[in-house]
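Quick note: the sequence shown uses the numbering used here, first residue 56, plus one each step.
Below is one structure, written out as structure tokens; the observations come after it.
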Amino acid sequence: MEKIILTLRKFSLRWIMIISFVLAFIGSYLAMSNKIIVFFGALIMAGGGVLLYATLCAQAIENIKKAVTTFYILLIAGIVGILGQMNNLNHSLDFEGLMLDALFGGDAADRYIYELTMSTYKLNMCTGFIFTIVFIFSFSSVAKKYRSCWVGLIIIYGLNSFNLLLLGTTDGFFGTYQAINFLTTLISAIVLIMIFIKGNNKNLKSIES
56 MEKIILTLRK FSLRWIMIIS FVLAFIGSYL AMSNKIIVFF GALIMAGGGV LLYATLCAQA
116 IENIKKAVTT FYILLIAGIV GILGQMNNLN HSLDFEGLML DALFGGDAAD RYIYELTMST
176 YKLNMCTGFI FTIVFIFSFS SVAKKYRSCW VGLIIIYGLN SFNLLLLGTT DGFFGTYQAI
236 NFLTTLISAI VLIMIFIKGN NKNLKSIES
């Protein structure tokens, strides 16, 4: 694994991000099909995520052993999270029906999103807490130029996890959950832009043993 991390340090993180997003789009599209294709769609999305996180760990974390440990934990948590979403990805979505219902003041869309969220909230919450802990664990070995991105990732996953915890334990919290979820989405977009801007393999420090 250390050799893979070394190899990934030579790649452009920006191009890896683009490839990962393309794979995520293809995987999401395939996941809307039948139950056989949805499996391959989930695998494609997982593959894109693995590629992105592996490259990010390789280029952001200066200590090679900590980079490998961080990647393995993120890999396990990420795959479990993706596989847990496979049932949701195969839900049929009557987009036109939901739009018409919303047009006439109905709440079908909100109910659909609520049921979808609650069906896997425990799994997503646990996965989010694991990601948060791992990012905190690896922070001391992160290169200076990526530390602001790491802080953003800690905030995103930590806030999402607590948001899901409150959603599952507090009545009438769904409206607040959606507002917080929107906020974390904005932060995620900012962090991704920051990673993309910083994402080159120049001036990497030598890897620690």
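Heads up, the beta-carbon is just placed ideally off N, CA and C, and yes, glycines get one too.
Asked, Found
"With 16 other Cβ atoms within 10 Å as the buried cut-off, status of W205", "buried"
"Spatial neighbours of V197 in its chain, beta-carbon cut-off 7 Å, leaving aside the 5 residues before and after", "A115, I116, W205"
"Cβ-Cβ distance between G183 and L219 below 8 Å", "yes"
"Closest residue to I235 among L222, T175, G82 (Cα-Cα distance)", "L222"
"Inter-residue Cα distance where the pair is S216 and L241", "16 Å"
"Alpha carbon of G103 to alpha carbon of D226, nearest angstrom", "36 Å"
"C-alpha gap between M72 and T175, whole angstroms", "26 Å"
"Whether K253 touches K200 by CB criterion (8 Å)", "yes"
"Residue environment, F190, which counts as buried when at least 16 other CB atoms sit within 10 Å", "buried"
"F126, DSSP secondary structure in three states", "helix"
"E57: first and last residue of the uninterrupted alpha helix (DSSP H) it sits in", "57-63"
"Close beta carbons around L107, own chain, < 7 Å, minus the five adjacent residues each side", "I71, M72, S75"
"L78 versus T62: straight-line alpha-carbon distance, rounded", "21 Å"
"Beta-carbon proximity check, T307 vs L214, cutoff 8 Å", "Residue 307 cannot be examined here, being either before or after the span of the chain that is shown, 56 to 264."
"Sequence-distant residues of its chain with Cβ nearer than 8 Å to G136 (five each side left out)", "L178, N179, T182"
"Selected residue, minimal CA-CA separation from F229, among M173, I134, I250", "M173"
"Burial state of I245, where buried means 16 or more other Cβ atoms lie within 10 Å", "exposed"
"Cβ pair L68, T110 closer than 8 Å", "yes"
"The ligand FMN heavy atom lying under 7 Å from the CB of A132", "As far as ligands go, the structure on display features none, and thus does not contain the ligand FMN."
"Residue environment, S193, which counts as buried when at least 16 other CB atoms sit within 10 Å", "buried"
"First through last residue of the alpha helix (DSSP H) which encompasses I185", "176-193"
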